[in-house]
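**Q** In UniProt numbering, the protein residues as written are 1 to 732.
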């Protein structure tokens, strides 16, 4: 393996570093996965390290799979380390192996967001807390934040500073007890339980410190406090810790990521070596220049500037549009133009946006243009109702203590077991020390009606039979029996004759069955519990088939780590991007700027950025002001287009009082206002109405006749307009 022929000098310097801590500051498109791969391969092939002594942590299954495959390709003979995976997958693996040391049952189930919410709502009901006064989603968020900070229920109770937090503490305590009763962990528990267990059982920590003498962490800037503690506990003895990341791409503070982890790495490890990867292999010079210019405005960064030997490429295009429908039309039109110009497939194009709500207008226009598209990262496949219903059966089979899944399936499809019957079964089971399946089997003693008893016993017998066979029968066979015996798919297929939605749901059930069959063919042993763990830890990105020819739509957060030849960033308006809640905090604003930078650096060949002068939000039409981030891009770096029929727009002012620059018209015909501008009798202080920006007040007038320009305040926004093109009306 010749590293010198495969890596540039900086990449080589990082890959050849063996002993001691290493920080690789890897800019977008700089080949960080390549460096990590070669580094691990060299540790095994040249240094002679046992592959089992190497731990590699990633944030996505896709990244872990890619790393394993690349190492295998370099080394051959299946010598890639077994311990390459996501934080949650690796943690789950250790927790199951060491379940007794952690006080766990190794067959615990993993609750997703919906499961957590269902359990929190039940706990709140038991505590007589109104879900109108205390939003369950907010309580779940507070509990998740506490776990990210490794704060247990007892410590949280001591920190309750106000009435809301005191009640969160009550829910948190009861919720954790309920998780334990259900033999379940939530996602945050997977990391927290491991950290707490290592700290409480030093011999166990020492065992894994010896096992993982060389640790590699990808996307270190995205780690939260719990992950940070886990990494540093494992690395404490040998300090052979290599972290790779880019502080300029730290965009997950809202879910607990702490940019200080990467910014202060040298403080944590004073003896560390730092290598910067600044050569970009992805984007054109024109795209990189825009990205570099934008991110330089952030103060909280280590400082680096990407460069490339790629061609200059076309200028970045910024398009002003009338409203979100006009924006959707223009995006679709540009995709068609690029396809026709260079015969490119639809899969080469992605449209990125700040919030999921923006996709509707884009979808409408893509459908009108008969362009197939896929939304990536919306509702996860395994979180769709019909899929969760079938998975609920599998969860109860594997873990009959799972009362959340039990409640989901006990009357799905309807079998005459209403809330009263279910509560009687649960109360009886708890009193007798029975699990949910046993409670169903013995439900005759629970005081149910004869018909409810028959239904409950039939379901209990069916589930008990599958539970008994689940360790010897493939997951695909168990799943087929669930779908067949419950008539779940058959009922959907009957309904599909009258409903498109039912057909979609039926297709999802078929897709689930296909996924279980594929799992059973490639996995040994192909057991239900193994499939459930994989399903819990998988994301929609792992199921996304990039080879299918269709346009990709996704949020900017979901685009992290991806790249496309053609990228469109839609909705570049203040209040939308940057999002309004970030505009009053310097730290939040810098995170939004990093998010824009991530979007820019996804593009390989061409980048289009668009904004709308009017957008329907919060139930009404609101004037849109181009994002302040656009004002940070020098005029000479972009080509500006407009579909709006006026020759001037306040480019460069970020919505303030900056100068106006002309936009070439996408449809160049210009029309004067229907009211002759000469008869408007405009004056400073006069109130006027604009068809896009609404009512405003004239602050200043310059020039006269056909050259008259007015500075007008529309609400909190100032615009400069050429009066003869502005379609103004005077109002009293």
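Where is the CB? At the ideal position from N, CA and C, for every residue including glycine.
Just so it is clear, the structure is predicted and the values come from calculations on it, not from any experiment.
1) Thinking C-alpha only, which one of 494, 477, 547 and 536 is nearest residue 526?
2) Who are the Cβ neighbours of residue 237 in its own chain at under 7 angstroms, not counting the five residues just before and after it?
3) Which class does residue 3 belong to by DSSP, given the choice of helix, strand or coil?
4) Could you pull the start and end residues of the beta strand (DSSP E) that residue 473 belongs to?
5) Report the rounded CA-to-CA distance for residue 723 versus residue 732, giving the unit in angstroms.
6) How close, in whole Å, do the beta carbons of residue 295 and residue 602 come, if the pair is a contact with beta carbons under 8 angstroms?
7) Tell me where the alpha helix (DSSP H) around residue 97 begins and ends.
8) Could you give the first and the last residue of the continuous beta strand (DSSP E) run that contains residue 608?
9) When you compare only the Cα positions, how much space is there between residue 437 and residue 395?
10) Out of curiosity, what's the CA-to-CA distance linking residue 72 and residue 630?
11) Compute the Euclidean distance between the alpha carbons of residue 321 and residue 611, then round it to the nearest angstrom.
12) Please name the residue, chosen from 451, 246 and 457, that lies closest to residue 274 on a Cα-to-Cα basis.
13) How many angstroms separate the CA atom of residue 68 from the CA atom of residue 125?
14) How long is the line joining the alpha carbons of residue 86 and residue 199, rounded to whole angstroms?
15) Can you grab the Cα-Cα spacing for the pair residue 90 / residue 252, in whole Å?
16) Give the secondary structure of residue 690 by DSSP, where H, G and I count as helix, E and B as strand, and everything else as coil.
17) Out of curiosity, what's the CA-to-CA distance linking residue 648 and residue 721?
18) At the level of alpha carbons, what is the spacing between residue 726 and residue 557?
19) Tell me which residue opens and which closes the beta strand (DSSP E) that residue 351 is part of.
20) Compute the Euclidean distance between the alpha carbons of residue 46 and residue 201, then round it to the nearest angstrom.
21) Beta carbon of residue 119, beta carbon of residue 225: below 8 angstroms?
22) Inspect the beta-carbon positions of residue 269 and residue 21 and report whether they are closer than 8 angstroms.
23) So for residue 125, helix, strand or coil by DSSP?
24) What three-state label does DSSP hand residue 559 in the structure shown?
25) Using a Cβ-Cβ cutoff of less than 7 angstroms, which residues in the same chain neighbour residue 12 once the five nearest sequence positions on both sides are dropped?
26) Closest to residue 641 by C-alpha separation, out of 624, 609 and 632, would be which residue?
27) For residue 702, which three-state DSSP category applies?
28) Out of 443, 468, 302 and 304, which has the shortest C-alpha to C-alpha gap to residue 457?
29) Return helix, strand or coil for residue 151, following the three-state DSSP convention.
30) Can you check which of these residues, 387, 381 and 337, is closest to residue 369 by C-alpha distance?
31) Taking all protein chains shown into account, do 16 or more other C-beta atoms lie within 10 angstroms of the C-beta of residue 361, making it buried, or fewer, making it exposed?
32) Near residue 554, which residues of its chain fall below 6 angstroms by C-beta distance, leaving aside the five closest residues on each side in sequence?
33) Compare the C-alpha of residue 41 against each of 56, 29, 30 and 27 and name the closest.
34) Taking its Cβ as the centre, do 16 or more other Cβ atoms sit within 10 Å of residue 518, making it buried, or is it exposed?
35) To the nearest angstrom, how far is the alpha carbon of residue 350 from that of residue 690?
36) Whole angstroms is fine: what's the gap from residue 257's alpha carbon to residue 222's?
**A** A quick look at the data gives this:
1) Translated into positions along the chain shown, residue 526 becomes position 526. 477 is the residue among 494, 477, 547 and 536 whose C-alpha sits nearest the C-alpha of residue 526.
2) To locate residue 237, count along the chain shown from 1; it is residue 237. So the list reads 209, once near-sequence residues are dropped.
3) As a working note, residue 3 is residue 3 in the chain shown. Correct three-state label for residue 3: helix.
4) Taking the chain shown and counting its residues from 1, the one referred to as residue 473 is at position 473. DSSP places residue 473 in no beta strand (DSSP E); its state is neither H nor E.
5) Taking the first residue of the chain shown as position 1, residue 723 is located at position 723. Taking the first residue of the chain shown as position 1, residue 732 is located at position 732. The alpha-carbon separation between residue 723 and residue 732 amounts to approximately 18 angstroms.
6) As a position in the chain shown, residue 295 is number 295, starting the count at 1. As a position in the chain shown, residue 602 is number 602, starting the count at 1. Their Cβ separation, rounded to whole angstroms, is 14 angstroms, which puts residue 295 and residue 602 out of contact at 8 angstroms.
7) For the purposes of this step, residue 97 is taken as the residue at position 97 of the chain shown. Start and end: 87-97.
8) The residue given as residue 608 occupies position 608 in the chain shown. From DSSP, the beta strand (DSSP E) with residue 608 extends over 603-617.
9) In the chain shown, residue 437 corresponds to position 437, counting from 1. In the chain shown, residue 395 corresponds to position 395, counting from 1. Distance between the alpha carbons of residue 437 and residue 395 is about 12 angstroms.
10) For this step, residue 72 is matched to residue 72 along the chain shown. For this step, residue 630 is matched to residue 630 along the chain shown. Between residue 72 and residue 630, the C-alpha separation is close to 44 angstroms.
11) What you label residue 321 is simply residue 321 of the chain shown in a count that begins at 1. What you label residue 611 is simply residue 611 of the chain shown in a count that begins at 1. Taking the straight line joining both Cα atoms gives about 6 angstroms.
12) For this step, residue 274 is matched to residue 274 along the chain shown. With distances taken between Cα atoms, residue 274 lies closest to 246.
13) Here residue 68 refers to the residue found at position 68 when the chain shown is read from its first residue. Here residue 125 refers to the residue found at position 125 when the chain shown is read from its first residue. Cα-Cα distance, rounded: 46 angstroms.
14) Position 86 of the chain shown holds residue 86. Position 199 of the chain shown holds residue 199. C-alpha separation (whole angstroms): 21 angstroms.
15) For this step, residue 90 is matched to residue 90 along the chain shown. For this step, residue 252 is matched to residue 252 along the chain shown. One C-alpha to the other measures close to 21 angstroms.
16) Start at 1 with the first residue of the chain shown, and residue 690 comes out as number 690. Of the three classes helix, strand and coil, the one that applies to residue 690 here is strand, per DSSP.
17) Mapped onto the chain shown, residue 648 falls at position 648. Mapped onto the chain shown, residue 721 falls at position 721. Reliability fails at residue 648, whose pLDDT of 46 lies under 50, so the model's placement of it is uncertain and the value that follows must be treated cautiously. For residue 648 and residue 721, the distance between alpha carbons rounds to 7 angstroms.
18) Within the chain shown, the letter at position 726 stands for residue 726. Within the chain shown, the letter at position 557 stands for residue 557. The straight-line gap from Cα to Cα measures roughly 37 angstroms.
19) Position 351 of the chain shown, counted from the first residue, corresponds to residue 351. Where residue 351 is concerned, the enclosing beta strand (DSSP E) starts and stops at 349-353.
20) Indexing the chain shown from 1 puts residue 46 at position 46. Indexing the chain shown from 1 puts residue 201 at position 201. Taking the straight line joining both Cα atoms gives about 35 angstroms.
21) Within the chain shown, the letter at position 119 stands for residue 119. Within the chain shown, the letter at position 225 stands for residue 225. When the beta-carbon positions are compared, residue 119 and residue 225 stay at least 8 angstroms from each other.
22) Within the chain shown, the letter at position 269 stands for residue 269. Within the chain shown, the letter at position 21 stands for residue 21. Taking 8 angstroms as the Cβ cut-off, residue 269 and residue 21 qualify as a contacting pair.
23) If you number the chain shown from 1, residue 125 lands on position 125. Here DSSP, grouped into helix, strand and coil, assigns residue 125 to helix.
24) Working through the chain shown from its first residue, we reach residue 559 at position 559. Helix at residue 559.
25) Stepping through the chain shown from its first residue, residue 12 is reached at position 12. Around residue 12: 3 and 4.
26) The residue labelled residue 641 in the question sits at position 641 within the chain shown. Considering only 624, 609 and 632, the residue with the shortest C-alpha distance to residue 641 is 609.
27) In the chain shown, counting from the first residue as 1, residue 702 sits at position 702. Correct three-state label for residue 702: strand.
28) Residue 457 sits at position 457 when you count from the first residue of the chain shown. Shortest Cα-Cα distance from residue 457 to any of 443, 468, 302 and 304 involves 443.
29) Along the chain shown, read from residue 1 onward, the residue named residue 151 stands at position 151. Secondary structure at residue 151: coil, using DSSP grouped into helix, strand and coil.
30) Numbered from its first residue, the chain shown carries residue 369 at position 369. Checked all of 387, 381 and 337; the closest Cα to residue 369 is 337.
31) Against the chain shown, residue 361 aligns to sequence position 361. By the neighbour-count rule (16 or more Cβ atoms within 10 Å), residue 361 is buried.
32) The residue labelled residue 554 in the question sits at position 554 within the chain shown. Taking C-beta separations shorter than 6 angstroms and ignoring five residues to either side along the sequence, the partners of residue 554 in its chain run 376 and 377, following chain order.
33) Residue numbering aside, residue 41 sits at position 41 when the chain shown is read from its first letter. That would be 56, whose Cα lies nearest to the Cα of residue 41.
34) Locating residue 518 in the chain shown gives position 518, counting from the first residue. Burial call: exposed.
35) Locating residue 350 in the chain shown gives position 350, counting from the first residue. Locating residue 690 in the chain shown gives position 690, counting from the first residue. Looking at the two C-alpha atoms, the distance is approximately 34 angstroms.
36) Reading the chain shown from its first residue, position 257 is the one you call residue 257. Reading the chain shown from its first residue, position 222 is the one you call residue 222. About 5 angstroms.
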